[in-house]
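In the UniProt record's numbering, the protein residues as written are 1 to 159.
This report refers to the structure that appears directly beneath it.
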Amino acid sequence: MNAAPRYWLMKNEPDEYGIDQALAAPDATIAWDGVRNYQARNFMRDGMQVGDGVLYWHSSCAEPGIYGIARVAGNLRPDASQFDAQSKYFDPKSKREAPRWLMLDVQALRKIEPISVAALRQYPELQDMRVLQKGNRLSITPVDAVHWDFIIGLIEAQR
DNA sequence: GCCAACGTTGGC
DNA sequence: GCCAACGTTGGC
Numbered sequence: 001m002n003a004a005p006r007y008w009l010m011k012n013e014p015d016e017y018g019i020d021q022a023l024a025a026p027d028a029t030i031a032w033d034g035v036r037n038y039q040a041r042n043f044m045r046d047g048m049q050v051g052d053g054v055l056y057w058h059s060s061c062a063e064p065g066i067y068g069i070a071r072v073a074g075n076l077r078p079d080a081s082q083f084d085a086q087s088k089y090f091d092p093k094s095k096r097e098a099p100r101w102l103m104l105d106v107q108a109l110r111k112i113e114p115i116s117v118a119a120l121r122q123y124p125e126l127q128d129m130r131v132l133q134k135g136n137r138l139s140i141t142p143v144d145a146v147h148w149d150f151i152i153g154l155i156e157a158q159r
């Protein structure tokens with residue numbers, strides 16, 4: 001087993017759990033539920049560790065991009081919404097004795113001056129970022145340390 | 001609201 | 001287990 005990545009990018013819709021809502025939650029911590037993709041689930045299950053850095057992405061909005069910084073807070077557990085028939089994330093095929101979907105806690109650390117997709121694309125240093133690749137739809141992707149460092153540098157330069 | 005990309009489903 | 005049809009994501 002190679003070392004787990006230490007940085008991640010997690011997409012959320014601003015009207016669902018935007019960075020503002022996350023920061024307003026108790027301990028600024030929210031349960032990251034609704035993941036219904038096996039690859040993304042496996043990142044949560046097998047890769048993410050408490051303390052890992054998270055780029056907080058807003059998608060399906062006017063300016064998709066990075067809106068905040070967060071950290072993985074752990075507490076991996078079955079995603080309750082898969083059993084809730086009223087939830088849009090309800091999965092009738094998932095059984096309680098063998099939950100298909102997982103969620104974990106994410107703690108928002110700070111909001112940043114948004115860095116849009118277009119802004120990110122202008123840096124050759126970031127051209128390999130997974131989220132910038134054509135056709136990428138994964139809601140959770142690993143972030144290379146060099147990309148993380150570069151983006152943190154951009155954020156520091158904002159102040 | 002379009003549509004490319006990609007994941008999932010289900011008939012065979 | 002192949003693969004066509006269908007559904008979803010998400011930037012544009």
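Ideal Cβ positions, reconstructed from N, Cα and C, are used throughout, including at glycine.
* Asked: Which residues does DSSP pair with H58 in a beta bridge?
  -> The residue labelled residue 58 in the question sits at position 58 within the first sequence. Answer is N12 and G65, bridged to H58.
* Does DSSP put R110 in a helix, a strand or coil? -> For the purposes of this step, residue 110 is taken as residue 110 along the first sequence, with counting starting at 1. In the displayed model, R110 falls within a strand according to three-state DSSP.
* Going by other Cβ atoms of all chains shown within 10 Å of its Cβ, with 16 needed for buried, is Q82 buried or exposed? -> Taking the first sequence and counting its residues from 1, one reaches residue 82 at position 82. By the C-beta density criterion, Q82 is buried, having at least 16 other C-beta atoms within 10 angstroms.
* Measuring CB to CB, does residue 171 end up less than 9 Å from V54? -> Outside the shown range of the chain, which is 1 to 159, sits residue 171, and nothing can be said about it.
* Asked: Could you give the distance in angstroms between the alpha-carbon of E125 and the alpha-carbon of I155?
  -> Taking the first sequence and counting its residues from 1, one reaches residue 125 at position 125. Taking the first sequence and counting its residues from 1, one reaches residue 155 at position 155. Going by the C-alpha atoms only, they are around 15 Å apart.
* To do: Confirm, please, whether the CB-CB distance from G65 to L23 is below 9 Å.
  => Within the first sequence, numbered from 1, the residue matching residue 23 stands at position 23. Within the first sequence, numbered from 1, the residue matching residue 65 stands at position 65. For L23 and G65, no; Cβs fall outside 9 Å.
* Please state whether DSSP places Y38 in a helix, a strand or coil. => Indexing the first sequence from 1 puts residue 38 at position 38. Under the three-state reduction of DSSP output, Y38 falls in the helix class.
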